[in-house]
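Read left to right, the sequence shown gives residues 13 to 151 (our numbering). Notes for the one structure printed next.
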Amino acid sequence: PAQRTGRVHYTQLEQVPEGEPVLAGTFLVNNSPTVVLFDSGASHTFISKTYALQQGYSIHKIKQSYHITSPGAPIDTNLIVRGLRLSIGVEEFIINPVVLPHQAIGIVLGIDWMAEHHALLDITDRTIQMRSSKSGKLI
């Protein structure tokens with residue numbers, strides 16, 4: 013299968029310049045507090061390999077690999093974690109993040125996830141508006 017391409021702009025919170033269109037917070041992933049970065053500049057949803065291993069998540073090889081443009085150097089990966097439960101307020105979302113080896117942020121939610129859930133980042137007020145996974149209403 014053809015290689016998929018993607019990008020991640022920030023793999024460490026310290027890299028994020030003031031005023032960038034990203035938000036970070038701590039949310040529950042499989043009931044464990046996790047630093048999550050909402051990054052509209054990232055193409056996909058990513059997970060730190062170190063974090064995934066620390067949490068004991070199963071890492072799966074997939075046939076189709078990803079070529080990810082990242083700070084420093086491109087990354088080729090064919091690893092994902094399937095079926096993680098991300099809790100935001102009372103809502104629960106299933107995510108299947110691509111594994112990145114040198115990412116220091118637990119989870120990066122990219123534009124793919126934000127578009128699917130109609131997420132709107134308000135950088136000034138530091139809030140996120142999105143559609144409920146259950147009712148389809150804005151939350």
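Note that the Cβ used here is the ideal one computed from N, Cα and C, for glycine as well.
With a contact defined as Cβ atoms closer than 8 Å, VAL120 and ASP51 qualify at about 5 Å. The beta-carbon distance between VAL20 and PHE58, rounded to whole angstroms, is 6 Å. This is short enough to meet the 8 Å contact definition. Boundaries for LEU25: no alpha helix (DSSP H) harbours it, and the DSSP string shows neither H nor E there. Residue environment for THR139: exposed (fewer than 16 other C-beta atoms within 10 angstroms of its C-beta). Taking the C-beta atoms as reference points, PHE39 is found no nearer than 8 Å to LEU133.
ALA36: member of the beta strand (DSSP E) spanning 34-41, first to last residue. By the Cβ neighbour-count rule, PRO109 is buried, with 16 or more other Cβ atoms within 10 Å of its own.
Annotation: SER55 to GLY122 spans about 5 Å, alpha carbon to alpha carbon.
DSSP places TYR63 inside the alpha helix (DSSP H), whose first and last residues are 61-67.
For the 8 Å CB-CB criterion, GLN115 and SER77 do not form a contact.
Taking each of SER147, GLN66, ILE135 in turn and checking the Cα distance to ALA36, the smallest one comes out for ILE135.
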